[in-house]
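Number of protein chains: 2
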Amino acid sequence: MLTSHRRKLILDTLRKTGAIVAKDLSAELNISEDTIRRDLRELAAEGLLQRVHGGAMPSSPAMGNFAARLNVATDEKRIIGRAAAAMIRPNQVVILDGGTTAVQIARHLPSDLRATVVTHSPTIAVELVEHAGVEVILIGGKLFKHSVVAVGAPAIENIGRIRADTYFMGVTGIHAEAGLTTGDFEEAHVKRALSAAAAETIVLASSEKLNAVSPYVIAPISAVTGMIVTDQVKSKILAHFARLGITITRASASPKTKPA
Amino acid sequence: MLTSHRRKLILDTLRKTGAIVAKDLSAELNISEDTIRRDLRELAAEGLLQRVHGGAMPSSPAMGNFAARLNVATDEKRIIGRAAAAMIRPNQVVILDGGTTAVQIARHLPSDLRATVVTHSPTIAVELVEHAGVEVILIGGKLFKHSVVAVGAPAIENIGRIRADTYFMGVTGIHAEAGLTTGDFEEAHVKRALSAAAAETIVLASSEKLNAVSPYVIAPISAVTGMIVTDQVKSKILAHFARLGITITRASASPKTKPA
DNA sequence: CACGAAGTTGCACGATTATGCGTGAATGAG
DNA sequence: CTCATTCACGCATAATCGTGCAACTTCGTG
Numbered sequence: 059m060l061t062s063h064r065r066k067l068i069l070d071t072l073r074k075t076g077a078i079v080a081k082d083l084s085a086e087l088n089i090s091e092d093t094i095r096r097d098l099r100e101l102a103a104e105g106l107l108q109r110v111h112g113g114a115m116p117s118s119p120a121m122g123n124f125a126a127r128l129n130v131a132t133d134e135k136r137i138i139g140r141a142a143a144a145m146i147r148p149n150q151v152v153i154l155d156g157g158t159t160a161v162q163i164a165r166h167l168p169s170d171l172r173a174t175v176v177t178h179s180p181t182i183a184v185e186l187v188e189h190a191g192v193e194v195i196l197i198g199g200k201l202f203k204h205s206v207v208a209v210g211a212p213a214i215e216n217i218g219r220i221r222a223d224t225y226f227m228g229v230t231g232i233h234a235e236a237g238l239t240t241g242d243f244e245e246a247h248v249k250r251a252l253s254a255a256a257a258e259t260i261v262l263a264s265s266e267k268l269n270a271v272s273p274y275v276i277a278p279i280s281a282v283t284g285m286i287v288t289d290q291v292k293s294k295i296l297a298h299f300a301r302l303g304i305t306i307t308r309a310s311a312s313p314k315t316k317p318a
Numbered sequence: 059m060l061t062s063h064r065r066k067l068i069l070d071t072l073r074k075t076g077a078i079v080a081k082d083l084s085a086e087l088n089i090s091e092d093t094i095r096r097d098l099r100e101l102a103a104e105g106l107l108q109r110v111h112g113g114a115m116p117s118s119p120a121m122g123n124f125a126a127r128l129n130v131a132t133d134e135k136r137i138i139g140r141a142a143a144a145m146i147r148p149n150q151v152v153i154l155d156g157g158t159t160a161v162q163i164a165r166h167l168p169s170d171l172r173a174t175v176v177t178h179s180p181t182i183a184v185e186l187v188e189h190a191g192v193e194v195i196l197i198g199g200k201l202f203k204h205s206v207v208a209v210g211a212p213a214i215e216n217i218g219r220i221r222a223d224t225y226f227m228g229v230t231g232i233h234a235e236a237g238l239t240t241g242d243f244e245e246a247h248v249k250r251a252l253s254a255a256a257a258e259t260i261v262l263a264s265s266e267k268l269n270a271v272s273p274y275v276i277a278p279i280s281a282v283t284g285m286i287v288t289d290q291v292k293s294k295i296l297a298h299f300a301r302l303g304i305t306i307t308r309a310s311a312s313p314k315t316k317p318a
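Order-wise, the sequence lines are chains R and V.
If you want our numbering, it's the 1-based position in the first sequence plus 58.
If you want our numbering, it's the 1-based position in the second sequence plus 58.
The structure is reproduced here in structure tokens:
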């Protein structure tokens, strides 16, 4: 029995049954519990599952803990979200991306703001229900569950009918040469379409995204008109981007943390 | 039985049935009441539920307004939702309406169901993220905030490209002569389009909707192929509908709470 | 082929965690 | 008020965990 084969089996079993019991599995495969537990430990280290006493449970990048991810937003994302929310002027039409940072924008919008928000994220749409003055345009399509956003041809087509003022884009990488990148092919297409539909594209750049590169290219760096970072980021890192004519907004923590 | 697996089960059961009885659950899972009580104590310490004498109730303190409404769904809606969920066969394409009853359908879907769900409700879409086997098609459009569903011409147009097996429709009135009615003009149009896109239209008819009439007509009663009511409803009231060839499903509260 | 490095596996040990039972206190119904 | 149920706590038992260690395989190198 190959190690990697066994690990694959563990993940498959987990997906099917929703739980792994170390003892049962060791009996079934005729290998010691130690080996199973070692596997579980390493798979957990890779974030592929979550260890619990007696076995493992799914950690599901795509599943349940999306809600959890929303609520454990880092301070950095909150700060960036607040800065982005402050940039929105009354009666503008803005596009909000999916992702945890964009949720923070929604949460920091003034409750009396009158504006139009376009989004392909049902999470954002639900978040904005309480904002009576905000008109929400929901982009439909096939739901990509990892990020909880609509993707696919119908989404692209509907985006093509919109002209917005500003698009607040979330990425997993922004790099002076590689441009804007993300981890999913479909999502990259949608982000490109959204960028094309807005006069300005502002990238929400929490520190780990700076100079990072992910597999799928959204657009060259020239598509970016602005980016928001925290004031913790060294100016040196931002120099490349500033030289390309990108407006850089440095967001700082207000003395009072004000979550919505 | 893994500890964390059991706790997850407790939370799921709580979400579905709205209450946990320690004694029943211990009997069902063949473990001591002590263990259940310990679980409840610790889950309560994490704020995930609220302890009461004999068991536990959902804790909905920090939840949003709309989220709160969802969790106070009446028993009647839960019962109807469960019956509707049970009608969905593997690999079917079903349309779920917006509204609190439809949310109950989503919550009662088996977690391993493989099917496609079409919806214009971002709430439903988010609810289904945890169902790995369910493909979600989100219908976009302008967000009508009262019901939290997408409406308008783009929604209608996108619906027109879909052919589904079954549409589970929520209404505010179902009446033998006045037909299906609801409280919003735009929403009525969308519901009509959804009905036209499905081979069968099944109305979720909680008791206060029966023989009620609202301002805007969705469709004549002939558009309905089935309806789901609770077994509390008098047969006399349903006679009109049965005579029109509508299949009536009488849902009852199960004597035994049977979590997956 | 010989050799060593790197990786994998099973076992032993003490430490940690989960479970069930007994006891007496607390709670809610009649 | 009375009584049955439910609860919380401590304790004993059993299961599970992490670590270190030795035996073994696989692979690359000379």
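Glycine included, each C-beta is placed from N, C-alpha and C at the ideal position.
Looking at chain V, is there any beta carbon in it that lies within less than 8 Å of the beta carbon of His63/R? Reading the first sequence from its first residue, position 5 is the one you call residue 63/R. No, no contact with chain V.
So for Leu238/V, helix, strand or coil by DSSP? As a working mapping, residue 238/V is identified with position 180 in the second sequence. Strand, per DSSP.
Looking at chain R, is there any beta carbon in it that lies within less than 8 Å of the beta carbon of Thr75/V? Residue numbering aside, residue 75/V sits at position 17 when the second sequence is read from its first letter. Answer no: the Cβ-Cβ gap between Thr75/V and chain R never drops below 8 Å.
Based on the DSSP secondary-structure assignment, which residues constitute the bridge partners of Gly228/V? Counting from 1 along the second sequence, the entry for residue 228/V is found at position 170. Leu262/V, per the DSSP bridge assignment.
Beta carbon proximity, Ile146/R to chain V, threshold 8 Å: Here residue 146/R refers to the residue found at position 88 of the first sequence. It does not: the Cβ of Ile146/R has no partner Cβ on chain V nearer than 8 Å.
I'd like to check one pair, Gly210/V with Lys203/V: are the Cβ atoms closer than 8 Å? Translated into positions along the second sequence, residue 203/V becomes position 145. Translated into positions along the second sequence, residue 210/V becomes position 152. Cβ distance not < 8 Å, so Lys203/V and Gly210/V don't count as in contact.
Does chain V have any CB closer than 8 Å to the CB of His166/R? Within the first sequence, numbered from 1, the residue matching residue 166/R stands at position 108. Not closer than 8 Å to any Cβ of chain V, the Cβ of His166/R fails to qualify, so no.
Beta strand (DSSP E) segments (min. 3 residues) lying fully within the segment 133 to 162 of chain V: 151 to 154
Residues of chain V with CB under 9 Å from Gly112/R, in chain order? Numbered from its first residue, the first sequence carries residue 112/R at position 54. Ordered by position in chain V, the residues that pass the 9 Å Cβ test against Gly112/R are Met59, Leu60, Thr61, Ser62, His63.
Assuming Asn269/V and His247/V are in contact, meaning their beta carbons sit under 8 Å apart, how far apart are those beta carbons, in whole angstroms? Position 211 of the second sequence, counting from 1, holds the residue named residue 269/V. Position 189 of the second sequence, counting from 1, holds the residue named residue 247/V. Wrong, their Cβ atoms sit about 24 Å apart, outside the cutoff.
What are the residues in the segment 225 to 242 of chain V lying within 8 Å of chain R by C-beta distance? none
Apply the 10 Å Cβ neighbour rule to Ser264/V and answer buried if 16 or more other Cβ atoms are within range, or exposed otherwise. Position 206 of the second sequence, counting from 1, holds the residue named residue 264/V. It is buried - the Cβ of Ser264/V has at least 16 other Cβ atoms within 10 Å.
At the level of alpha carbons, what is the spacing between Ile138/R and Met285/R? Start at 1 with the first residue of the first sequence, and residue 138/R comes out as number 80. Start at 1 with the first residue of the first sequence, and residue 285/R comes out as number 227. Approximately 10 Å, taken between the alpha carbons.
Chain R contact for Lys203/V (CB, 8 Å cutoff): For the purposes of this step, residue 203/V is taken as the residue at position 145 of the second sequence. For Lys203/V, the answer is yes, since a Cβ of chain R falls inside 8 Å of its Cβ.
Between Thr240/V and Arg140/R, what straight-line distance do the alpha-carbon atoms span, to the nearest angstrom? Stepping through the second sequence from its first residue, residue 240/V is reached at position 182. Stepping through the first sequence from its first residue, residue 140/R is reached at position 82. Spanning the two alpha carbons is a distance of roughly 39 Å.
Give a yes or no on whether the minimum CB-CB distance between Pro57/V and chain R is below 8 Å. The first residue shown for chain V is 59 and the last is 318, placing residue 57/V beyond what the model contains.
In whole angstroms, what separates the C-alpha of Ala257/R from that of Arg308/R? Within the first sequence, residue 257/R is the residue found at index 199, counting from 1. Within the first sequence, residue 308/R is the residue found at index 250, counting from 1. Distance between the alpha carbons of Ala257/R and Arg308/R: 21 Å.
Per DSSP, what kind of secondary structure is Leu128/V in: helix, strand or coil? Here residue 128/V corresponds to residue number 70 of the second sequence, with the count starting at 1. Note on Leu128/V: pLDDT 47, under 50, position unreliable in the model; the coordinate value appears next. Residue state, collapsed to three classes: helix.
How would you call Asn129/R, buried or exposed, if buried means at least 16 neighbouring beta carbons within 10 angstroms? For the purposes of this step, residue 129/R is taken as the residue at position 71 of the first sequence. Legend: pLDDT at Asn129/R = 49, less than 50; position of this residue unreliable, no value from coordinates given.
Going by CA-CA distance only, name the one from Glu193/R, Arg219/R, Lys294/R that's closest to Thr174/R. Residue mapping note: residue 174/R aligns to position 116 of the first sequence, counting from 1. Here the closest residue by C-alpha is Glu193/R.
Assign Phe243/V to buried or exposed, taking buried as 16 or more other Cβ atoms, counted over all protein chains shown, within 10 Å of its Cβ. As a working mapping, residue 243/V is identified with position 185 in the second sequence. Flag for Phe243/V reads exposed.
Using DSSP with H/G/I as helix, E/B as strand and the rest coil, what is His178/R? Translated into positions along the first sequence, residue 178/R becomes position 120. Coil.
Alpha carbons only, please: which of Lys267/V, Ile279/V, Asp170/V is nearest the one belonging to Arg250/V? Position 192 of the second sequence, counted from the start, is the residue given in the question as residue 250/V. Ranking Lys267/V, Ile279/V, Asp170/V by Cα distance to Arg250/V puts Ile279/V first.
Give me the Cα-Cα distance between Ala213/V and Val207/V, rounded to the nearest whole angstrom. Looking up residue 213/V in the second sequence gives position 155. Looking up residue 207/V in the second sequence gives position 149. The straight-line gap from Cα to Cα measures roughly 10 Å.
Nearest-angstrom Cα distance between Val261/R and Ile220/R? As a first step, residue 261/R must be located in the first sequence, where it is residue number 203. As a first step, residue 220/R must be located in the first sequence, where it is residue number 162. Going by the C-alpha atoms only, they are around 19 Å apart.
Could you name the residues that DSSP lists as bridge partners for Ile78/V? By one-based count along the second sequence, residue 78/V stands at place 20. Note: Ile78/V sits in a beta bridge opposite Ala114/V.
Within a Cβ cutoff of 7 Å, which residues of the same chain sit near His97/R, ignoring the five residues on either side of it in sequence? For the purposes of this step, residue 97/R is identified with residue 39 of the first sequence, where counting begins at 1. Looking at the sequence shown, residue 97/R is not His but Asp. Cβ within range, chain order: Arg64, Arg65, Ile68.
Just verifying my parser: in three-state terms, what is the DSSP assignment at Glu193/R? By one-based count along the first sequence, residue 193/R stands at place 135. Looking at Glu193/R - three-state DSSP - the assignment turns out to be strand.
From the DSSP output, read off the bridge partner residues of Ala277/V. Residue mapping note: residue 277/V aligns to position 219 of the second sequence, counting from 1. Answer is Leu238/V, bridged to Ala277/V.
Start and end of the beta strand (DSSP E) containing Val187/R? Position 129 of the first sequence, counted from the start, is the residue given in the question as residue 187/R. Val187/R -> no beta strand (DSSP E), and no H or E assigned at all.
8 Å Cβ cutoff met for Val151/V and Val187/V: To locate residue 151/V, count along the second sequence from 1; it is residue 93. To locate residue 187/V, count along the second sequence from 1; it is residue 129. Against a cut-off of 8 Å, the Cβ pair of Val187/V and Val151/V comes out as no contact.
Please tell me whether Gly105/R has its Cβ less than 8 Å away from any Cβ of chain V. Counted from its first residue, the first sequence places residue 105/R at position 47. False, the Cβ-Cβ gap to chain V never drops below 8 Å.
At a CB-CB cut-off below 7 Å, which residues of chain V make contact with Pro212/R? For the purposes of this step, residue 212/R is identified with residue 154 of the first sequence, where counting begins at 1. Asn216, listed in chain order.
Going along the chain, which residues of its own chain have a beta-carbon closer than 8 Å to the beta-carbon of Tyr225/V, five neighbours each way excluded? Here residue 225/V is taken as the residue at index 167 of the second sequence, counted from 1. So the qualifying residues of the chain are Val152, Ile153, Asp155, Leu252, Ser253, Ala255, Ala256, Glu258, Thr259, Ile260.
In this structure, does DSSP put Asp289/V in helix, strand or coil? In the second sequence, counting from the first residue as 1, residue 289/V sits at position 231. Coil.
Could you work out which residues of chain R lie near Pro180/V, taking near to mean beta carbons separated by less than 7 Å? Here residue 180/V refers to the residue found at position 122 when the second sequence is read from its first residue. Within chain R, the residues near Pro180/V are Pro180, Ala183, Val184, Leu196.
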